[in-house]
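Engineer:
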Amino acid sequence: MSDRHEATGNRLTNGFRTRAIHVGGEVDPATGAVVPPIHFASTFRQPGAGQWGEYDYSRSGNPTRTALQTTLASLESENTTQCAGALAFSSGMAAIHAVTMLLRSGDHVVAGTDIYGGAYRLLHRICDASGIRVTLVDMTDLEAVEAAISPDTKLIWGETVGNPRLTIPDLPAIARIAKRHGILTGVDNTFGTPALMRPLSWGIDIVMHSATKYLGGHSDCLGGTLAVADQDLLDRLYFIQNATGAVLDPMSCFLVSRGLKTLDLRIREQSATAMKLATWLETHERVRSVIYPGLDSHPQSRMARRLFDENLADDQKRFGAMITFELDGSLETVRNVCQNTRLFHLAVSLGAVESLIEQPATMSHASYAAEDRAKHGITDSLIRLSVGLEHVDDLKNDLQQAFEAGSAE
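One point on numbering: in the UniProt record's numbering, the residue at position 203 of the sequence shown is 203, and numbering is uninterrupted.
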């Protein structure tokens, strides 16, 4: 998805970067400020009893949240495929929870095996307790996805790029399967970001982002978003959000809006560094295997080249900034390596300007049942990197000294 202008009929559509800066960030008409003010008001004066203005109570709507949602809706659109709208939530998990509240007791969910640990926990500890049945399936196996569907299936939930094994499912095909069966589809596109992948254009119904990650980009705010293709579905999700109250606060909305302005530049630079780092790791004697969508060794490398940056030639494509690799060594050695990096912070989360390192089995995916971790390849030797904006040589040197320090302990 290049930052170019495209003619649609007689209309000129601004490029991604331009829309990220200008759509939803219009000049304040009262003062001429090029950065819109942050509206902290919790309530708004009404024109009369029983008469309602555009805003009444900040849980139901807030001008700063509206600005962010307007930007997001524009960025999630692809050419003539339009996003009906976007909603900003207090966290990524609050956004996913809102999607599951579309379901009722007795309904069935087909979810991916390679999903965020928090989503796994929600499906298996909250949804299960509400009488919602969940089946985990390898989303890269289309036959398995269709075979898992039952008459009670109401939702297929996956990720554009799996977490932590970076699997790349054929989501356009899954969307077609779901439509044949009259089932909703939702995907977590946190790893892909709207700068690299826009699933609404593939026929996906709901796209979720943990705005804490790449959208905000600076490890300083917590948030989640949903982008929806259909207006009726958007209205249902808005009703749930308003009724339950998990809205994003004005300050966090401002921070995410500010982050969106540099999203395209950040993710492309981070992706370029990640490609270099993954190529280096693949040749390292201490590394057993590397999983990165841009490598030819990735099991779905052809699918990655098809879905990432759909409108660009192969030599211009970027494949995200997440790398997973298996270290050759014991659990203790892996722990020591993770604890001995200096530039890579040992921390959960991802997608910010600073690089992070973690051990999924004991950190981001510790909420998985032990048997499910083993079954789905989340081994103790797995390490997940979130590549930031540091120089690639500095990151290589940091990992090298951590490998050496980890072996010595």
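Backbone N, C-alpha and C define an ideal beta-carbon position, used for all residues, glycine too.
Out of G112, I126, K213, which has the shortest C-alpha to C-alpha gap to I168?
Structural biologist: As a working mapping, residue 168 is identified with position 168 in the sequence shown. Measuring from the Cα of I168, the nearest candidate turns out to be G112.
Engineer: Just tell me which of R121, G351, V110, H124 has its CA closest to the CA of I174.
Structural biologist: Here residue 174 refers to the residue found at position 174 when the sequence shown is read from its first residue. Answer by Cα proximity: V110.
Engineer: Compare the C-alpha of I38 against each of L87, L248, D170, L75 and name the closest.
Structural biologist: To locate residue 38, count along the sequence shown from 1; it is residue 38. Sorting L87, L248, D170, L75 by C-alpha distance to the C-alpha of I38 places L248 at the top.
Engineer: Beta carbon of A20, beta carbon of V27: below 8 Å?
Structural biologist: Numbered from 1 along the sequence shown, position 20 holds the residue referred to as residue 20. Numbered from 1 along the sequence shown, position 27 holds the residue referred to as residue 27. Cβ distance not < 8 Å, so A20 and V27 don't count as in contact.
Engineer: Measuring straight from C-alpha to C-alpha, what distance separates A361 and P36?
Structural biologist: For the purposes of this step, residue 361 is identified with residue 361 of the sequence shown, where counting begins at 1. For the purposes of this step, residue 36 is identified with residue 36 of the sequence shown, where counting begins at 1. Roughly 43 Å separates the two Cα atoms.
Engineer: So, are the CB atoms of R318 and A272 less than 8 Å apart?
Structural biologist: As a position in the sequence shown, residue 318 is number 318, starting the count at 1. As a position in the sequence shown, residue 272 is number 272, starting the count at 1. Yes, these two residues count as a Cβ contact at 8 Å.
Engineer: Count the other CB atoms, across all protein chains shown, that sit within 10 Å of the CB of H181; report buried if there are 16 or more and exposed otherwise.
Structural biologist: Counting from 1 along the sequence shown, the entry for residue 181 is found at position 181. It is exposed - the Cβ of H181 has fewer than 16 other Cβ atoms within 10 Å.
Engineer: Take R373 and list the residues in its own chain whose beta-carbon comes closer than 7 Å to its own, dropping the five residues that flank it on each side.
Structural biologist: Here the question's residue 373 lines up with position 373 in the sequence shown. Taken in chain order, the residues that qualify are A361, H365.
Engineer: By Cβ distance, which residues of its chain are closer than 6 Å to R121, with the 5 residues on each side in sequence left out?
Structural biologist: In the sequence shown, counting from the first residue as 1, residue 121 sits at position 121. Only S367 meet the Cβ criterion.
Engineer: Once you ignore the five residues that flank I267 on each side, which residues in its own chain have a CB closer than 8 Å to its CB?
Structural biologist: Translated into positions along the sequence shown, residue 267 becomes position 267. So the qualifying residues of the chain are T193, A195, L196, Y214, R318, G320, A321.
Engineer: Rounded to the nearest angstrom, what separates S297 and S289 at their Cα positions?
Structural biologist: Counting from 1 along the sequence shown, the entry for residue 297 is found at position 297. Counting from 1 along the sequence shown, the entry for residue 289 is found at position 289. Looking at the two C-alpha atoms, the distance is approximately 9 Å.
Engineer: Could you please give me the residues that DSSP links to M275 through a beta bridge?
Structural biologist: For the purposes of this step, residue 275 is identified with residue 275 of the sequence shown, where counting begins at 1. Answer by DSSP bridge pairing: none, since M275 is not bridged.
Engineer: With a CB to CB cut of under 6 Å and the five nearest residues on each side skipped, what residues in its chain are close to residue 442?
Structural biologist: The requested residue 442 is not part of the displayed model; the chain covers only 1 to 409.
Engineer: Given this structure, state the Cα-to-Cα distance separating D3 from N340, to the nearest angstrom.
Structural biologist: For the purposes of this step, residue 3 is identified with residue 3 of the sequence shown, where counting begins at 1. For the purposes of this step, residue 340 is identified with residue 340 of the sequence shown, where counting begins at 1. Low confidence applies to D3: its pLDDT is 47, below 50, so where it sits in the model is not reliable, and the reading given next is rough at best. One Cα belongs to D3, the other to N340, and the distance between them is close to 39 Å.
Engineer: Can you grab the Cα-Cα spacing for the pair A73 / M208, in whole Å?
Structural biologist: Here residue 73 corresponds to residue number 73 of the sequence shown, with the count starting at 1. Here residue 208 corresponds to residue number 208 of the sequence shown, with the count starting at 1. Taking the straight line from one Cα to the other gives about 12 Å.
Engineer: In its own chain, which residues sit with a C-beta less than 7 Å from the C-beta of D380, not counting the 5 before and 5 after it?
Structural biologist: Here the question's residue 380 lines up with position 380 in the sequence shown. Closer than 7 Å at the Cβ level, and outside the excluded window around D380, lie L331, V334, A361.
Engineer: Report the rounded CA-to-CA distance for S301 versus I383, giving the unit in angstroms.
Structural biologist: The residue labelled residue 301 in the question sits at position 301 within the sequence shown. The residue labelled residue 383 in the question sits at position 383 within the sequence shown. The alpha-carbon atoms of S301 and I383 are separated by roughly 20 Å.
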